[in-house]
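For reference, the structure discussed in these notes is given below.
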Amino acid sequence: MTFEEIERIFNRALRFSFSKKKLLLMFPVLVVCGLMLVFCRALAVNAGHWVVLSLTFLPIFLSSGLLLSAGVVFARIYTHEVKMIPINIKKLFSESWELLVGVSHLTLPLLLAYLFLWMLMGIFYLLKEIPALGDVLGVVLSFGPFLLVLGSLLLSFFNLFLLFFATPHIAVKARFKLKLIEEVYRRFKENLFSNLALFVMGMIPLLLGVGVLTLAAFLTGISFFIKAETLAVALQWFFVMIPFCAMLSPGILFFFNFAVESYALMEKRETRKAV
């Protein structure tokens, strides 16, 4: 794996990230994910700390299944684009429907694991409310919430790893097997540094886009939004979310495009080693 190879696949993935047809397909997917985020944000208004914390991570795990299924479709489209093979998107959806339903369930264990961590967090909040002993227990057991929040963050990062490494694997193999995670982990472990480097490069445009858009949304919220009831807050964030999703679409497409390129590059590397 040379710098020239990485530069070539990076530029090609970026070039195919601005396809109008794919942007129009990605936008409604992100809007659905955005609606989940807006709904959870509205529920968190005037809620307790435990509920606010849970609703911060919940949209990530609710939308990951949809993004994984969408990623498989976009990965297959990108494979055809690079090879300059004509593709009928409607036919692709009809042929991949059963596969996409199975793939969407792949993130269910992560959601259940997060809900378990959330319930454990509730126990610490209950202990903190015990009369007389609550403050002492809150100090002594503060490591517990720290570990639970850390676990939630690690699950969120694992979601990103799954989207990057599992999506092209499923798209290329065109089938979903229960041993998928084991195969992806084996491939990741064999070339740990290269896979991590490619993952970081795939995240760079996405992180830049999310960072700038989030900063703009935050500054808009504190300077322009009215302090109102839950419905008004939800509507305000809904109308911000629409252009947010539109501008984020190329970054998401690049993420999936580069995931396919990285998978193909590592496949070539393994083939060379075998020879």
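Everything in the sequence shown is counted per my numbering, starting at 25 for the first residue and increasing by one.
All C-beta atoms in this analysis are idealised placements derived from N, C-alpha and C, irrespective of residue type, glycine included.
These figures come from a predicted structure and were not determined experimentally.
**Item:** Expected contact under 8 Å - CB spacing of residue 92 and residue 131 to nearest Å
**Value:** Position 68 of the sequence shown, counted from the start, is the residue given in the question as residue 92. Position 107 of the sequence shown, counted from the start, is the residue given in the question as residue 131. Confirmed, Cβ separation roughly 6 Å.
**Message:** Spatial neighbours of residue 229 within its chain, please: C-beta separation below 7 Å, excluding the five flanking residues on both sides.
**Reply:** Indexing the sequence shown from 1 puts residue 229 at position 205. Around residue 229: 275 and 278.
**Asked** Is DSSP giving residue 154 helix, strand or coil here?
**Response** Looking up residue 154 in the sequence shown gives position 130. Residue 154 carries a coil assignment under DSSP once its states are collapsed to helix, strand and coil.
**Message:** On the criterion of 16 or more Cβ atoms from any shown chain inside 10 Å, does residue 282 qualify as buried, or is it exposed?
**Reply:** Within the sequence shown, residue 282 is the residue found at index 258, counting from 1. Around the beta carbon of residue 282, 16 or more other beta carbons sit within 10 angstroms, so the residue counts as buried.
**Message:** Check for me: the alpha helix (DSSP H) holding residue 183 runs from which residue to which?
**Reply:** Translated into the one-based positions of the sequence shown, residue 183 becomes position 159. From DSSP, the alpha helix (DSSP H) with residue 183 extends over 167-197.
**Asked** Do the region 93-112 and the region 203-214 touch if we need at least three Cβ pairs shorter than 8 Å?
**Response** no
**Collapsed DSSP secondary structure at residue 26 in the structure displayed** = Taking the sequence shown and counting its residues from 1, the one referred to as residue 26 is at position 2. Here residue 26 sits in coil by DSSP.
**Request:** For the alpha helix (DSSP H) holding residue 110, just list the boundary residues, first then last.
**Result:** Reading the sequence shown from its first residue, position 86 is the one you call residue 110. Element bounds for residue 110: n/a, residue is neither H nor E.
**Asked** Helix, strand or coil: how does DSSP classify residue 218 here?
**Response** Mapped onto the sequence shown, residue 218 falls at position 194. Three-state DSSP puts residue 218 in a helix.
**Prompt:** Buried or exposed: where does residue 143 fall if 16 or more other Cβ atoms within 10 Å of its Cβ makes it buried?
**Reply:** To locate residue 143, count along the sequence shown from 1; it is residue 119. Exposed, since its Cβ has fewer than 16 Cβ neighbours within 10 Å.
**Message:** Taking the alpha-carbon of residue 150 as reference, which of 169, 133 and 139 has the nearest alpha-carbon?
**Reply:** Indexing the sequence shown from 1 puts residue 150 at position 126. Ranked by Cα distance from residue 150, the first of 169, 133 and 139 is 169.
**Prompt:** Taking Cβ positions, are residue 117 and residue 96 nearer each other than 8 Å?
**Reply:** One-based indexing of the sequence shown puts residue 117 at position 93. One-based indexing of the sequence shown puts residue 96 at position 72. The answer is no: Cβ separation not under 8 Å.
**Item:** Extent of the continuous alpha helix (DSSP H) to which residue 58 belongs
**Value:** Counting from 1 along the sequence shown, the entry for residue 58 is found at position 34. Run containing residue 58: 44-67, per the alpha helix (DSSP H) assignment.
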